[in-house]
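Chemist: Chains as they are written, first to last, in the numbering used here: chain A, 10 to 261; chain B, 343 to 657; chain C, 5 to 236; chain D, 8 to 388; chain E, 24 to 310. Ideal Cβ placement from N, Cα and C applies to all residues, glycine included. What you are looking at is a predicted structure, and each value in this text was computed from that prediction instead of being measured.
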Amino acid sequence: MLKVDKVVKEFNGFRAVDECSFEVKKNTITGLIGPNGAGKTTMFNLIAGSLKADQGEVYFSDQKVNSFAAYKIARLGLARTFQIPKTLKKMTVLENLMLVPGGQSGENIWNSWFKSSKVKAEEKENESRAYRVLKFLELTHVADVLAANLSGGQKKLLELGRALMADPELILLDEPGAGVNPTLLNKIAKNILKLKEKGKTILLIEHNMDLIMNICDRVIVMNDGKHLVDGTPAEVKSNPRVLEAYLGEKTA
Amino acid sequence: MTLGGIFSYLVFFLIFTGIYAVMTLALNMQRGFAGLFNIGIAGFWAVGSYTSAIMTTPPSAEHLGGYNLPFVLGLLAAGLVAALLAFLIGIPTIKLREDYLGIATIGIAEIIRLVIKNEEWLSNGVRGIAGIPKPMAGFLGHNYNIFFLLIVVLIIAIFFYLSEKGINSPWGRVLRAIREEEEVVKAAGKNVVRYRMEAFVLGAFMMGVGGALYAHFTSFISPEAFKPMQATFLVWIMLIIGGSANNFGSLVGALLTWGIWTGTEFLTGMLPAAYTTQASALRVILIGVFLEIILLSRPQGLFGEKKYSASSSKS
Amino acid sequence: MLKINDIYAGYGEIEIIHGISLEVKEGEIVSIVGPNGSGKSTLLKSIFSLVDIMKGNIDYLGTDLTKLGTDKMIEQGLSFVPQTDNVFPTLTVAENLELGAYVSNKNLKDRFDLIYSLFPPLVEKRKKKAGTLSGGQRQMVAFGRALVMEPKLLLLDEPTAGLAPMFIDLILDKVVEINKTGVSILMVEQNAKKALAMSDRGYVLAAGEKKYEDSGKGLLENEEVAQLFLGG
Amino acid sequence: QDTVKIGTLVPMTGGLASYGQFTRNGTLLAQKIINDQGGILGGKKLELVNVDTQTNPQSGVDGAQKLVSVSGVNAIVGALSSGVTIPVAESVTVPGEVVLISPASTSPILTTLDDNGYVFRTVPSDSLQGVVAANLASNRLDYDKLAIIYVNNDYGQGLNDAIVEQFEKNGGEITASIAFEPNKVSYRSELMEAAKDSPDALLLVAYTDDGGITIIRQALENGYFDKFIFTDGLKAPEITEGVEQYLEGMYGTAPTSMPGGNGPEIFKNLYEKEFGEIPPKPYIDTSFDATFVLALAIEKAGSTDGTAIRDALGEVLSEDGMVVNINEWNKAKDLIKAGQKIRYEGASGPVLFNQAGDSMGAIGIWKIKDGDIVNDSVEVQ
Amino acid sequence: MAVQLFLNGVILGSIIALGAIGLSLIYGILKFGHFAHGDLMTLGAYFAFLFKVQLALPFWLAFILAAMLTALVAIILNFVLYRHLRKRDSVIVMISSVGAALIIRNIILLFWGPQNKFYDKAIQMPIILGDGFLRIKENQIVILILALILVIAVHLFLTRTKLGKAMRAMADNIDLAQITGINTERVIIWTWAMSGVLTAAAGILLAFDTHLTPVMGWNLLLPLFAAVILGGIGSPYGAMFGGLVIGISQEMSTLVISAAYKPAVAFTIMILMLIIKPSGLMGKKVS
Ligand SMILES: Nc1ncnc2c1ncn2[C@@H]1O[C@H](COP(=O)(O)OP(=O)(O)OP(=O)(O)O)[C@@H](O)[C@H]1O
Ligand SMILES: Nc1ncnc2c1ncn2[C@@H]1O[C@H](COP(=O)(O)OP(=O)(O)OP(=O)(O)O)[C@@H](O)[C@H]1O
Ligand SMILES: [Mg+2]
Ligand SMILES: [Mg+2]
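#1: Can you tell me whether Ile175 (chain E) is buried or exposed? The criterion is at least 16 other CB atoms within 10 Å of its CB, across all chains shown.
#2: With DSSP collapsed to three states, give me the class of Thr260 (chain A).
#3: Are the C-beta of Lys437 (chain B) and some C-beta of chain D separated by less than 8 Å?
#4: Select from D:Val99, D:Met19, D:Lys51 the residue whose C-alpha is nearest the C-alpha of Asp9 (chain D).
#5: At which residue ranges does the stretch 49-89 of chain D contain complete beta strand (DSSP E) runs of 3 or more residues, listed in the order of the chain?
#6: Among B:Pro512, B:Gly470, B:Val626, whose alpha-carbon lies nearest the alpha-carbon of Lys459 (chain B)?
#7: What residues of chain A sit near Gly206 (chain C), judged by a beta carbon separation below 8 Å?
#8: Taking 8 Å as the CB-CB cut-off, is Gly204 (chain E) touching chain C?
#9: Enumerate in chain order the residues of its own chain whose CB-to-CB distance from Arg538 (chain B) is below 7 Å, with the five nearest sequence positions on each side excluded.
#10: Put Tyr409 (chain B) into one of helix, strand or coil per three-state DSSP.
#11: List the residues of chain C whose Cβ lies closer than 9 Å to the Cβ of Arg191 (chain E), in chain order.
#12: What does a CB cutoff of less than 7 Å around Phe489 (chain B) pick up in its chain, not counting 5 residues either side in sequence?
#13: Only counting the same chain, and skipping five residues up and downstream in sequence, which positions put a Cβ closer than 8 Å to that of Leu443 (chain B)?
#14: In three-state DSSP terms, what is Gly139 (chain C)?
#15: Would Val331 (chain D) pass as a contact of Ala339 (chain D) if the rule is Cβ separation under 8 Å?
#16: On the three-state DSSP scale, how would you describe His60 (chain E)?
#17: Against Lys191 (chain D), what residues of chain E qualify as contacts under a CB-to-CB distance less than 8 Å, listed in chain order?
#18: Against chain B, with Cβ distances strictly below 8 Å, would Gln362 (chain D) count as a contact?
#19: Can you tell me whether Arg191 (chain E) is buried or exposed, with buried defined as 16 or more other CB within 10 angstroms of its CB?
#20: Could you have a look at Arg640 (chain B) and say whether DSSP puts it in helix, strand or coil?
#21: Does the stretch 92-101 of chain C come within contact of the stretch 230-237 of chain E, defined as at least 3 CB pairs closer than 8 Å?
#22: Within 10 angstroms of its Cβ, does Ile150 (chain E) collect 16 or more other Cβ (buried), or is it exposed?
#23: Compare the Cα-Cα distances from Ala30 (chain E) to each of E:Gly265, E:Ala287, E:Gly270, E:Leu53 and report the closest residue.
#24: Taking all protein chains shown into account, do 16 or more other C-beta atoms lie within 10 angstroms of the C-beta of Met549 (chain B), making it buried, or fewer, making it exposed?
#25: Can you determine whether any heavy atom of ligand 2 sits closer than 7 Å to the C-beta of Lys44 (chain C), and answer yes or no?
#26: Return the chain-ordered list of same chain residues with a C-beta closer than 6 Å to the C-beta of Gly61 (chain E), the five sequence neighbours on each side being excluded.
#27: Pull up the DSSP beta-bridge partners for Gly1 (chain A), would you.
#28: Does any C-beta atom of chain E lie closer than 8 Å to the C-beta of Ile185 (chain D)?
#29: On a CA-only basis, which of D:Ser89, D:Val105, D:Asn142 is nearest Tyr258 (chain D)? Give me that one, please.
#30: Tell me which residue opens and which closes the alpha helix (DSSP H) that Val191 (chain C) is part of.
#31: State the beta-bridge partners of Ser184 (chain D) as determined by DSSP.
#32: Between Lys185 (chain E) and Gln201 (chain E), what straight-line distance do the alpha-carbon atoms span, to the nearest angstrom?
#33: Check the Cβ-Cβ distances between Thr50 (chain A) and every residue of chain C, and say whether any is below 8 Å.
#34: Buried or exposed: which applies to Ala130 (chain A), given that a residue is buried once 16 or more other Cβ atoms fall within 10 Å of its Cβ?
#35: Report yes if the CB atom of Leu209 (chain D) is closer than 8 Å to the CB atom of Ile156 (chain D), and no otherwise.
#36: Could you tell me which chain G residues have their CB closer than 9 Å to the CB of Gly70 (chain D), listed as they occur along the chain?
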């Protein structure tokens, strides 16, 4: 599904991602963990096309996507969330979600002028889908609130909501749990599992080890931009190198 | 002051307001909806004016053309050439941060003005192009201005309708989203550059048509008409006063601003003749003061930002 | 030392906090927990007058904070780490920390050293712009900046969000340690169990109102609270 | 109605503001003379209604329409720049059958404008002056190589073209012909370019306030030129202020009165009595004349109807009419009553319109002597 | 010839640079293009005219008084207008500054009239170096020295003082700056004061080299913006550098293109710059 091969990304001589390779199998939940600054978010940006790798290759759905623009990669069936939430501030929460689905015929100005009935029908469908996502994220009551006026945690939820709206093959989640209330997080975890049941693939960055342990099939650990180890959650958790680099003694 | 006189001035006033309203609608398309910071309106205005002038005047040794085409083709050509210009400008600049696009457009507008001023083969240089045809003028005689006003209103209606329709559709939603946060739109698989370009080009098309209307109405154009204050900033003031991202506000903003711009003349005209110089300076100061008062008391514009919605059940 | 008396606050016309009272005594650690959007951040911000206060007052060591300028609050020993946008992106890490000492004229070199020793990843980023840091690194900078001034009361809005497990423990340990030196702490945490475990007192907010108030332990043992707010 | 209204359309703000104020004074002086001498159309007062063009066509056209529709004028003096005058004519005054006399627009387009005879000007077109200036350079001053710097508008352009043509016809060489943007801070590079092929002198086509003075000073300071020929826009004592010794003996050209006429002198005196020292600006006199001849035409027409005024303008003025000086309104009225034609010895020289409504003035040569500007000779065309 | 053009460019460039520094600071901190900057510059020059010519004070005193008065006007603008619009879209503040520009320019027109004015009617003959190879006026030497002094002062201010650091912090995040204990209102006032002084200096030096007209600053506004963009918005050093580049290239451009297109040079450079390196020569790229 996704393969990252010896990818390198430098910022002014600083190697944020350093010859990192790994693979994500279809229909799995894979955790991507590592200390702060390990290069996880950078890796997401490289996969999603927001950044271009200096070296190495990224394959997604059997295509080499290194040089693809971000929107093209997204169209291949990839959705991602941002660690630091990015919202459409002056648009409502509902609109934030309705923006996302691909292939809306009304996104073409010509259609919007001259094929309005078709556009309207699609919109209805789109809207009810958005409401379903909102309901799940406990955001229905803020559907008409401008995204700028959401709380920090609500913004993170909106990030997740957008990824859900996209209906992609592969979802990259960057710390969906940070700042989210634990009760709601449990619910989110369950939903991520449901997504897997539906055949989706998920790559998940998270510092909440409980979440990782509970839902991941595999865990990849990054450190200093490099691929440190990978394995099942249990293997990783007891790996001394991971303990040293990431978990610290106490948690172990 | 006769009733007939007042009526005829009103018609005239509305024609100018209308031409500015076309510009304001166009700017709203670019700025209000797509967040594109175009402060080079004068450039598109000029290109529209000159294109239509060259297309519709009879052949002349003094400038390119004329091609003696009908008025309607002149308008269309004006829109298209302005749109083409926008496209060319857009290729290198549309990706840039908004301030940069702004400064680039104002720079290009100045360059266009210099070209018009200095390339005589093209535009007859500083002497300008005269005798731009007034459609059906001979036929209509004294009622000509009413007829022209109808043309202007018709064009505003078309642009208004298309703009509203576009902005209330998913297309408009993508545009507004781009204005807020490009990364999100990209991550949703939408080609940001294409959408911005569409809005930029569409707005430029409207500006070009507006420029053509101006040229045909005044029948003469020269580089003097395309200075930043009257041809760019005034339109911005209209947009902001009406309320950005609100088409209806754009129209009212144009009306009110042009009203203030010309209406202050009646106020300062009451001062004795000996104070004419001071009166005129005072008048411009007054315009500035009015503007500031409106901005301070209604910073969101008279009509604020309209809630646009692409969903059928909400609109 | 800090007493919030029946405060109503919000954004413009919108009222978010509907009459909350809360107290932090000298030397206490107090936690606020609650669902997303319940008004926790708004409450913290209201202490710093960063939102519109409609009613109520906030007493800090005898002065009414709602009438005090922010720079004065800092001088009087308040320090605040906001939840979002809490670093200066185009300033370097070192400059970010220096700004923590803006109102002071003292030489605070040892304070900086202390912060670097606390967060070793920042050492090599010293001269780097904070905007280039990873999410967790930013959180460290923000926390570090609040410590520079040796505050009397530290307000923390989700200080551990986005941090790797070892740093979560580190920060929370540090909070306890600082607290031992006499600094009072008021924090919002979604890492609620850990936070409440170390708190003298805790408040649970929901929909802009105070739902529960108890000792940290008391809240942890409260079945209902655990179910609704602490993830079972 | 006990007043007769004439509109004045001059820039009081914007780029040409520094001319507008005095242009306006010129019209006011004419108004005063007429009203002091018993008014117009049987004792009515002449009233001038002014609007500001802001030196741009959008506001100018709007202002003109206000004059016509709201103030109800049928005759307008203005505007200054051709860029405003022509659109005003095209979209307001010609369709509205209102007479327009520009005191300053020199564009050749005005000559050929399809205006039904409603558009006139009291300033001679550029070509006359250009020929005189070129002849001055080649014949009187014996220059073979000339550099021209001209202001980049229709005035500058027109003069430049005429000068180049005539000077080359005279066998001279134009080493450089450079347009400058008005109101820039530095013209040193333009000057440097102009001085490149060591021409004998610099012919400067400019206004004082648009950069003309700056160019003279920067030319002197940097030693690019020490010989100059000026055109009418620079016929102003302020060009010599502080640089008298360098400009002594330089020549210039300007539209002027015919030999024998003393309109300009009378005008100067009257103006100074009314407004204080007369500023060194062009178009004050031509705007006076525009107002005065409009009044003559109205008196002749016996009405304020635009078409009647237009026709009367053609009839009342004649080369071999009875001489009327600018302070002789009463005399003019009497002559008109008697059905006589008038030869108007205007403030800017005799005013006569040809078929196209252009003024057929004379061009004079002036010179700087002891730091002052003095008239040297008149070249009759 | 090229050398002479270069020198002329340096002089024009230093004047542009002075104006651009203040513009850049405001752009960086308050996040809007201040379109009244050019007219503030004009105002500074006319204030100096008032003191030097109308009140016959010595030049240095007139310079200082005019700079202070201009700073005061800038602060007043902040208080009356911009402060109230700070939380709004930057375009609204920008439009407000266009209004301010109109007001200032016409107040100048009202008080001083539209005619050109000079600090000194007599011209100054240049010092001729190397047999006419290079000519420079005493005034121009004064301009260069003053500009240099001001630029150094700005540099020291920004790097050595807390206020300077606070300005940069505010450029990043005003809200955060506030909770760090920075008295943001005061820093903003200082910013306006500083830009006021610098822009007045630019105006005075410009008028000193040439003349005064009510449109002098408005005409220079676009080159000022070009310099700011060229240097990277919010970077005072970039603005200095940008100013020099604009000044020099504008003057030297006449070697290759017609002088009629001289005003276009600034924009062409700027647009090329935007295409090649959008963050500006000295600008920083931030996520
Ligand atoms: N634009 C940039 N310029 C310079 N350095 C950068 C940039 N973006 C990231 N870095 C550096 O790259 C490293 C990896 O950052 P990244 O954001 O990928 O970390 P992360 O693994 O996501 O950490 P966290 O868990 O804290 O979010 C960090 O040291 C960071 O400072
Ligand atoms: N700037 C704002 N304008 C209007 N409403 C706002 C604004 N910021 C937040 N709100 C609203 O105030 C409510 C409380 O927000 P607050 O940020 O205080 O929540 P919180 O408890 O901190 O949540 P979280 O755990 O998600 O950070 C939310 O419903 C939010 O929509
Ligand atoms: Mg990260
Ligand atoms: Mg919060």
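Modeler: Taking the geometry as given:
#1: Here residue 175 (chain E) corresponds to residue number 152 of the fifth sequence, with the count starting at 1. So Ile175 (chain E) counts as exposed.
#2: Your numbering for residue 260 (chain A) matches position 251 in the first sequence. Bear in mind that the predicted position of Thr260 (chain A) carries a pLDDT of just 43, short of 50, making it unreliable; the figure below should be weighed with that in mind. It is helical.
#3: For the purposes of this step, residue 437 (chain B) is taken as residue 95 along the second sequence, with counting starting at 1. Chain D, which has no Cβ nearer than 8 Å to the Cβ of Lys437 (chain B), makes this no.
#4: One-based indexing of the fourth sequence puts residue 9 (chain D) at position 2. Among D:Val99, D:Met19, D:Lys51, the Cα nearest to that of Asp9 (chain D) is on D:Lys51.
#5: 52-59, 82-85
#6: Looking up residue 459 (chain B) in the second sequence gives position 117. Nearest option by C-alpha distance: B:Gly470.
#7: Counted from its first residue, the third sequence places residue 206 (chain C) at position 202. Residues of chain A passing the Cβ test: none, with the nearest at roughly 14 Å.
#8: For the purposes of this step, residue 204 (chain E) is taken as the residue at position 181 of the fifth sequence. True, the Cβ-Cβ gap to chain C drops below 8 Å.
#9: Position 196 of the second sequence, counted from the start, is the residue given in the question as residue 538 (chain B). Excluding sequence neighbours, Arg538 (chain B) sits near Ala376, Leu378, Ile436, Ile520.
#10: Position 67 of the second sequence, counted from the start, is the residue given in the question as residue 409 (chain B). Residue state, collapsed to three classes: coil.
#11: As a first step, residue 191 (chain E) must be located in the fifth sequence, where it is residue number 168. Those are Phe92, Thr94, Leu95, Glu99, listed as they occur along chain C.
#12: As a working note, residue 489 (chain B) is residue 147 in the second sequence. So the qualifying residues of the chain are Met478, Leu482.
#13: The residue given as residue 443 (chain B) occupies position 101 in the second sequence. Cβ within range, chain order: Leu378, Phe379, Asn380, Thr435, Ile436.
#14: As a working note, residue 139 (chain C) is residue 135 in the third sequence. It is helical.
#15: The sequence position of residue 331 (chain D) within the fourth sequence is 324, counting from 1. The sequence position of residue 339 (chain D) within the fourth sequence is 332, counting from 1. Yes.
#16: For this step, residue 60 (chain E) is matched to residue 37 along the fifth sequence. In the structure shown, His60 (chain E) sits in a helix (DSSP, three-state: H, G or I).
#17: Here residue 191 (chain D) refers to the residue found at position 184 when the fourth sequence is read from its first residue. The answer, in chain order, is Asn242, Lys285, Pro286.
#18: Looking up residue 362 (chain D) in the fourth sequence gives position 355. No - not a single Cβ of chain B is within 8 Å of the one on Gln362 (chain D).
#19: Here residue 191 (chain E) refers to the residue found at position 168 of the fifth sequence. With 16 or more other Cβ atoms within 10 Å, it is buried.
#20: On the second sequence, residue 640 (chain B) is found 298 positions in, with the first residue counted as 1. Reduced to three states, the DSSP call for Arg640 (chain B) is coil.
#21: no
#22: Position 127 of the fifth sequence, counting from 1, holds the residue named residue 150 (chain E). Exposed is the call here.
#23: The residue labelled residue 30 (chain E) in the question sits at position 7 within the fifth sequence. Inspection of the sequence shows that residue 30 (chain E) is occupied by Leu rather than by Ala. Among E:Gly265, E:Ala287, E:Gly270, E:Leu53, the Cα nearest to that of Leu30 (chain E) belongs to E:Gly270.
#24: Taking the first residue of the second sequence as 1, we reach residue 549 (chain B) at position 207. When all chains shown are included, Met549 (chain B) counts as buried.
#25: Sequence index remark: in the third sequence, residue 44 (chain C) carries index 40 (1-based). Answer for Lys44 (chain C): yes, Cβ within range of ligand 2.
#26: As a first step, residue 61 (chain E) must be located in the fifth sequence, where it is residue number 38. Within the same chain, Gly61 (chain E) has close Cβ partners Gly240, Trp241, Leu243, Leu244.
#27: Nothing can be reported for residue 1 (chain A): it is not among the residues displayed for chain A, which extend from 10 to 261.
#28: Indexing the fourth sequence from 1 puts residue 185 (chain D) at position 178. By this cut-off, Ile185 (chain D) is an interface position.
#29: Taking the fourth sequence and counting its residues from 1, the one referred to as residue 258 (chain D) is at position 251. Nearest C-alpha to Tyr258 (chain D): D:Asn142.
#30: For the purposes of this step, residue 191 (chain C) is taken as the residue at position 187 of the third sequence. Val is not the amino acid found at residue 191 (chain C); the sequence shown has Met there. Where Met191 (chain C) is concerned, there is no enclosing alpha helix (DSSP H), although the beta strand (DSSP E) it sits in stretches over 188-192.
#31: Mapped onto the fourth sequence, residue 184 (chain D) falls at position 177. DSSP output for Ser184 (chain D) lists D:Ile155 as bridge partner(s).
#32: For this step, residue 185 (chain E) is matched to residue 162 along the fifth sequence. For this step, residue 201 (chain E) is matched to residue 178 along the fifth sequence. Roughly 14 Å separates the two Cα atoms.
#33: To locate residue 50 (chain A), count along the first sequence from 1; it is residue 41. Yes, Thr50 (chain A) lies at the interface with chain C (some Cβ there is under 8 Å from its Cβ).
#34: Working through the first sequence from its first residue, we reach residue 130 (chain A) at position 121. Label assigned to Ala130 (chain A): exposed.
#35: Mapped onto the fourth sequence, residue 209 (chain D) falls at position 202. Mapped onto the fourth sequence, residue 156 (chain D) falls at position 149. In this structure, Ile156 (chain D) lies closer than 8 Å to Leu209 (chain D) by Cβ.
#36: The structure shown contains no chain G; the protein chains it does contain are A, B, C, D and E.
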